[in-house]
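First the structure, in the form of structure tokens, and then the observations on it.
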Amino acid sequence: MTDHDFIAGLPKAELHLHIEGSLEPELMFALAARNGVAIPFASVEEVRAAYSFSRLQDFLDIYYKGADVLRTEADFHDLAVAYFDRAAADGVVHAEIMFDPQTHTARGVNFDTVIAGLLSGMAAAEATHGLTSRLILSFLRHLDEADAFATLEMARPWLDRITAVGLDSSELGHPPEKFARVFAAAHALGLRRVAHAGEEGPPGYVYQALDLLGVDRLDHGNRSLEDPALVARLARTGMTLTVCPLSNLKLCVVGDMADHPIDRMLREGLRATINSDDPAYFGGYVADNYRAAAAARGLDRRDLAMLARNSFLGSFLPDDVVATHLAALDAYVAAH
Ligand code: ADE
Ligand code: ZN
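Using the numbering used here, you'd call the opening residue of the sequence shown number 243 and step up by one each time.
This is the structure:
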């Protein structure tokens, strides 16, 4: 079996995926037509050609524009189903997906419309592929604390269907401390906590995510490597890092995939995982991310299995379900 196929078949969880970032240009055009929404592109090719970024903000500007075609519950259902179909083909058996309610409520699309569509897509994926999933409500950090609190309020009727809160969007200038009280309120409601930190922001933002937000998992975390004491702490506490190699390349977090630190993270004892972030924008789904990192950094099958193992250990699944997934992973590795 080739490494390509080994990676596709490797049972894995995806822990860092923005569902709005899985909107492929083809679906963008279909939804634009269905909803009578004008988009500033003439063709699918023109959209793809626009996906050239030199930093996070370049991407975010186009990502929020693309999301404008999402209007109805059916749109969110179709978006989710399209992602889960691709993920299942990549060996994903469990996904913890982020959604950005404020991107939609700011345009007049109801919170309930968004979440109902996503939940029905999640149920369809479980029925079709046996792929389980959880929802992470992510706050936009470029907006203020009051807006995040208002969003948490909208989530109240749905709390039993939401696993965690997250923090995304423009990192620089919007440190985690801005949302300490919102995260405390979310925790009090029984929600788990994740946050993007150390993607573009300094190690100090990672400390804030740990100490002021109380995160259970760190999204990206790359710049933690600049601080040996922080690396030691993350390793000692078994903190999961949801690393996204193709995203890092496209957003110039690394200059070249050959310089990606994924193997260094494993060597330093960090619980690193591989994820796709915004696959429609960054050129690949989760298996493509495993392959790109493996090819550039010489990861062997033991490393790949470790990354998949970490993805289950870092998930919010109950221990007995994690154990079942790890047993299936071990059986797969032993057979290959
Ligand atoms: N929103 C979607 N993808 C993101 C990323 N990689 N960083 C911050 N915000 C995001
Ligand atoms: Zn992200």
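We treat Cβ as the ideally placed atom computed from N, Cα and C, and that holds for glycine.
- Pairwise C-beta distances place the region 447-455 out of contact with the region 520-539, as fewer than three of them are shorter than 8 angstroms.
- Within the same chain, Cβ atoms closer than 7 angstroms to the Cβ of Arg376 are found at Glu338, Thr405, Phe558, the five residues on either side in sequence being excluded.
- Shortest Cα-Cα distance from Val407 to any of His502, Asp332, Gly456 involves Gly456.
- In this structure, DSSP gives Leu385 a state outside helix and strand, which the three-state scheme calls coil.
- Taking C-alpha positions only, Ala437 is separated from Asp561 by approximately 22 angstroms.
- Excluding sequence positions up to five before and after Ala428, its CB lies within less than 7 angstroms of the CB of Leu394, Val407, Arg435, all in the same chain and listed in chain order.
- Between Met481 and Leu467, the alpha-carbon positions lie close to 14 angstroms from each other.
- In this structure the region 327-345 lies against the region 254-263, because at least three pairs of beta carbons, one per stretch, are closer than 8 angstroms.
- Going by beta carbons, His246 and Arg533 fall inside the 8 angstroms limit.
- Nearest to Glu315 by alpha-carbon distance, out of Leu273, Ile304, Leu414, Ala369, is Leu273.
- In the three-state reduction of the DSSP assignment, Thr370 falls in the helix class.
- 8 angstroms or more divides the Cβ of Lys420 from the Cβ of Val334.
- Non-local C-beta neighbours of Ala500 in its own chain, meaning closer than 6 angstroms and more than five positions away in sequence, comprise Ala538, ordered along the chain.
- At least one heavy atom of ligand 2 lies less than 7 angstroms from the C-beta of His260.
- The criterion of a C-beta distance shorter than 8 angstroms is not satisfied by Ala390 and Val356.
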